[in-house]
Amino acid sequence: QKEVEQDPGPLSVPEGAIVSLNCTYSNSAFQYFMWYRQYSRKGPELLMYTYSSGNKEDGRFTAQVDKSSKYISLFIRDSQPSDSATYLCAMSEDYGQNFVFGPGTRLSVLP
Amino acid sequence: SQTIHQWPATLVQPVGSPLSLECTVEGTSNPNLYWYRQAAGRGLQLLFYSVGIGQISSEVPQNLSASRPQDRQFILSSKKLLLSDSGFYLCAWNGDGQPQHFGDGTRLSIL
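From first to last, the protein sequence lines are chains B and X. Numbered per the working numbering, the first sequence spans residues 9 to 119. Numbered per the working numbering, the second sequence spans residues 94 to 204.
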């Protein structure tokens, strides 16, 4: 079993839709959870980060962590064509040097 | 604010040639620095990380090496490139207790 799993997509949605992106993981010691957005030919950009379980909201984006299920989600409301990118989840036990990344989900928001 | 610079953005090299990729961080001191390689659909593979000048840890045996000659400078090198070294190389940094931030990457093609 891979340490972090993520549906690679591609996921295509119409503009204005609510998007749900998900990752599952196997290491129960992970406490820090991150979401990155990566445009084509660019480096990943930190979108949101959370600690332990719960929700965090930032504008149209909501990050959700369920440690009991080892499952994290990123929700995008009112999706825009500019949200079209690959979304990577990442996790760490202690923000030390060990970060584990999912393979990314490619999202296309169609106008 | 902190920024990370990586260059060149694109590089085409013949097999057997040397390599030098450079990464610098501005606006912070004593960052943790990382080199990753990203393969399509396979997530980020950590190659090297450094917690200080001259301190390099290697995660995978390979044809590459890394050096940190200055506090905010991280260099990825090879004496003789192989075809298998082709890929997208990303530099990242973080402060202790913080998530990682990435540069825009170097796309390396070996001919």
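By construction, the Cβ of each residue, glycine as well, lies at the ideal position given by its N, Cα and C atoms. Computed from a prediction, not measured in an experiment: that's the story for all the values here.
Does the Cβ of residue i lie closer than 7 Å to at least one heavy atom of the ligand COA?
i	result
residue 149 (chain X)	For the structure depicted, the ligand COA is absent and the ligand set is empty, with no information on it obtainable.
Could you tell me the alpha carbon to alpha carbon distance between residue i and residue j, rounded to whole angstroms?
i	j	result
residue 66 (chain B)	residue 41 (chain B)	15 Å
residue 206 (chain X)	residue 178 (chain X)	In the structure as shown, chain X begins at 94 and stops at 204. Residue 206 (chain X) is therefore absent and cannot be evaluated.
residue 203 (chain X)	residue 18 (chain B)	28 Å
residue 106 (chain X)	residue 166 (chain X)	23 Å
residue 116 (chain X)	residue 104 (chain B)	20 Å
residue 148 (chain X)	residue 100 (chain B)	21 Å
residue 109 (chain X)	residue 117 (chain B)	42 Å
residue 170 (chain X)	residue 150 (chain X)	14 Å
residue 132 (chain X)	residue 139 (chain X)	11 Å
residue 180 (chain X)	residue 103 (chain X)	10 Å
residue 78 (chain B)	residue 15 (chain B)	15 Å
residue 195 (chain X)	residue 110 (chain B)	16 Å
residue 119 (chain X)	residue 158 (chain X)	23 Å
residue 137 (chain X)	residue 53 (chain B)	14 Å
residue 100 (chain X)	residue 94 (chain X)	20 Å
What are the boundary residues of the beta strand (DSSP E) that includes residue i?
i	result
residue 74 (chain B)	69 to 74
residue 13 (chain B)	12 to 14
residue 162 (chain X)	158 to 163
Compute the distance between the beta-carbons of residue i and residue j, then report whether it is under 8 Å.
i	j	result
residue 29 (chain B)	residue 113 (chain B)	yes
residue 59 (chain B)	residue 88 (chain B)	no
residue 82 (chain B)	residue 98 (chain B)	no
residue 33 (chain B)	residue 11 (chain B)	yes
So, does the CB of residue i fall closer than 8 Å to a CB anywhere in chain B?
i	result
residue 195 (chain X)	yes
residue 125 (chain X)	yes
residue 198 (chain X)	yes
residue 120 (chain X)	no
residue 161 (chain X)	no
residue 101 (chain X)	no
residue 191 (chain X)	yes
residue 165 (chain X)	no
residue 136 (chain X)	yes
residue 201 (chain X)	no
Using the DSSP secondary-structure output, state which residues sit across from residue i in a beta bridge.
i	result
residue 129 (chain X)	X:139 and X:183
residue 114 (chain B)	B:94
residue 21 (chain B)	B:117
residue 62 (chain B)	B:73
residue 148 (chain X)	X:145
Can you check whether the C-beta of residue i is within less than 8 Å of a C-beta belonging to chain X?
i	result
residue 72 (chain B)	no
residue 89 (chain B)	no
residue 50 (chain B)	yes
residue 111 (chain B)	yes
residue 146 (chain B)	Here chain B comprises residues numbered 9 to 119, so residue 146 (chain B) is not present and cannot be evaluated.
residue 107 (chain B)	yes
residue 54 (chain B)	yes
residue 59 (chain B)	no
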